[in-house]
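Per our numbering, the very first residue in the sequence shown carries number 125; after that it's consecutive.
Encoded as structure tokens, the structure appears first; notes follow it.
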Amino acid sequence: TWLFFDGVCNLCDGFVNFVYAGDSLGRVRFGALQKHKELLERHGAGRYAEGGEEGMSTVVVIQDGQVYVRSSAALRVLAVMDQPWRMLAVFYLVPLPLRDFVYRMVGANRYAIFGRKEQCMTPS
């Protein structure tokens, strides 16, 4: 499972740290949307990379060759995490339009609410 995120977004950075801490088996790999355009393009998700049609508008998950975005991406990641976080994937039962409406509202205001960094985080 690959999780691509906005590398300057504090909310996204917090989500990545949360996933890393809650994935004891290391099933999730991480990459900034700003730095992995070719990889995203290879999987048909280039439109979400920096400079793409929908660039920087969503987290992107590539899992078993399938691309997931917005709420579906976040829930797919939760589904491979350790318990109790895995149980949150039950929100997949909420209709997609409602889930993505909430996702888009938070996403549109993420910098104003959570702030942003000057540059992408670097791996430690």
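All residues carry an ideal CB built from backbone N, CA and C; glycine is no exception.
As the structure is a computational prediction, the values presented were derived from the model and not from experiment.
Going by DSSP in three states, residue i sits in which element: helix, strand or coil?
| i | result |
| --- | --- |
| VAL183 | coil |
| VAL193 | strand |
| ARG156 | Per the sequence shown, the amino acid found at residue 156 is Ala instead of Arg. Three-state DSSP puts ALA156 in a strand. |
| LEU127 | strand |
| ARG240 | strand |
| VAL140 | helix |
Pop quiz: residue i and residue j are said to be a contact at Cβ under 8 Å. What is the actual Cβ separation, rounded to whole angstroms?
| i | j | result |
| --- | --- | --- |
| VAL183 | ALA173 | That pair is no contact at about 12 Å. |
| SER181 | GLY231 | 7 Å |
| PHE142 | PHE129 | Going by Cβ atoms, the distance from PHE142 to PHE129 rounds to 11 Å, so no, they are not a contact pair. |
| ARG166 | THR125 | The pair is not a contact, with the Cβ atoms about 16 Å apart (cut-off 8 Å). |
Where does residue i land, buried or exposed, given buried means 16+ other C-beta within 10 angstroms?
| i | result |
| --- | --- |
| LEU127 | buried |
| ALA236 | exposed |
| MET205 | buried |
| LEU164 | buried |
| VAL185 | buried |
Using alpha carbons as the reference points, say which of the options lies closest to residue i.
| i | options | result |
| --- | --- | --- |
| ARG194 | MET205, TRP209, GLU178 | GLU178 |
| ASP86 | ILE186, ASP137, PRO208, GLU242 | Because the chain in this structure spans residues 125 to 248, residue 86 falls outside the shown range and cannot be described. |
| VAL191 | PHE139, ASN141, TYR216, GLY170 | GLY170 |
| CYS136 | GLY155, ARG223, ARG151 | GLY155 |
Leaving aside the five residues before and after residue i along the sequence, list all residues of the same chain whose C-beta is less than 6 Å from its C-beta, in chain order.
| i | result |
| --- | --- |
| LYS161 | ALA173 |
| ASP224 | ARG194, SER195 |
Go through its chain and collect everything with a Cβ distance to residue i's Cβ below 7 Å, but skip five positions before and after it.
| i | result |
| --- | --- |
| ARG210 | LEU202, ALA203 |
| GLY176 | GLY170 |
Spatial neighbours of residue i within its chain, please: CB distance less than 8 Å, with the 5 preceding and 5 following residues excluded, ordered by chain position.
| i | result |
| --- | --- |
| TYR144 | VAL152, PHE154 |
| VAL226 | SER195 |
| GLU242 | VAL132 |
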